[in-house]
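Residue numbers (the numbering used here): 9 to 155.
Each residue gets a CB set at the ideal place from its N, CA and C atoms; glycine is no exception.
Here the structure is a predicted model, which is why all the values come from computation and not from measurement.
Data first, discussion second: the structure below is written as structure tokens.
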Amino acid sequence: MAVCDMCGKSGSLTAATVESADFQLCQACLKYGTIKKKPQYSYSPRQSQVSTPEFRVVDNYPSLIRKARESRSLNQEQFASFLQERASVVQKWESGSLKPQLAVARQLEKKLDISLVEKDERAAVDLSSKKSDEMTLGDFIKVRKRK
């Protein structure tokens with residue numbers, strides 16, 4: 009049998025909190041503390057998660073941006089001031105070393121009348137039906153229990 013942390017009696021004990029300290033108390037000492045309740049866990053069934061269609065910047069964005077600049081007969085500095093961006097950023101876009109973020113690409117589409125954003129078909133996948141062939145920690149535990 010366990011022993012009460014407060015008085016030392018042996019018997020059935022209950023987990024309780026006394027002045028923000030956790031103790032195992034007998035029924036006589038339980039009046040000095042508050043009983044700790046076990047947390048109630050509730051699980052909801054997993055809902056199927058269908059991802060929303062994602063968008064991405066097209067692969068040929070450098071040539072599209074360069075053609076839009078050349079059609080307006082602007083150099084990179086003038087084009088950058090028109091777009092309210094730095095000239096170095098425009099240079100990197102045109103060279104392909106910097107990909108514009110999705111929000112910036114949408115702004116460029118509006119200002120330049122070109123299409124830089126497309127729907128990413130690879131991202132729209134039903135995540136709940138995707139069964140992984142890789143071993144997970146849960147699979148490992150099940151394997152260990154079977155043996």
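Cβ-Cβ separation, residue j to residue i (assumed contact under 8 angstroms), whole Å
| i | j | result |
| --- | --- | --- |
| Gln-84 | Val-98 | 5 angstroms |
| Ile-149 | Leu-72 | 52 angstroms between Cβ atoms; not a contact. |
| Ala-111 | Val-65 | 11 angstroms between Cβ atoms; not a contact. |
| Lys-127 | Phe-63 | 6 angstroms |
| Lys-5 | Leu-91 | This structure cannot speak to residue 5, because the chain is shown only from 9 to 155. |
Where the alpha helix (DSSP H) containing residue i begins and where it ends
| i | result |
| --- | --- |
| Glu-85 | 84-91 |
| Glu-102 | 95-103 |
| Tyr-69 | 69-79 |
Pairwise C-alpha distance: residue j and residue i
| i | j | result |
| --- | --- | --- |
| Pro-70 | Leu-124 | 10 angstroms |
| Ala-36 | Asp-30 | 16 angstroms |
| Ile-43 | Ser-52 | 28 angstroms |
| Ser-50 | Met-143 | 26 angstroms |
Own chain residues within Cβ distance below 7 angstroms of residue i, not counting five before or after
| i | result |
| --- | --- |
| Leu-33 | Cys-12, Asp-13, Met-14, Leu-21, Thr-22, Ala-24, Gly-41 |
| Lys-100 | Leu-106 |
| Arg-94 | Ala-88 |
One or two residues paired with residue i in a DSSP bridge
| i | result |
| --- | --- |
| Arg-64 | Glu-126 |
| Val-3 | Here the chain covers residues 9 to 155 and nothing more, so residue 3 does not appear. |
Other residues of its chain near residue i: CB distance less than 8 angstroms, five sequence neighbours each side excluded
| i | result |
| --- | --- |
| Ser-103 | Pro-70 |
| Leu-38 | Thr-22, Ala-24 |
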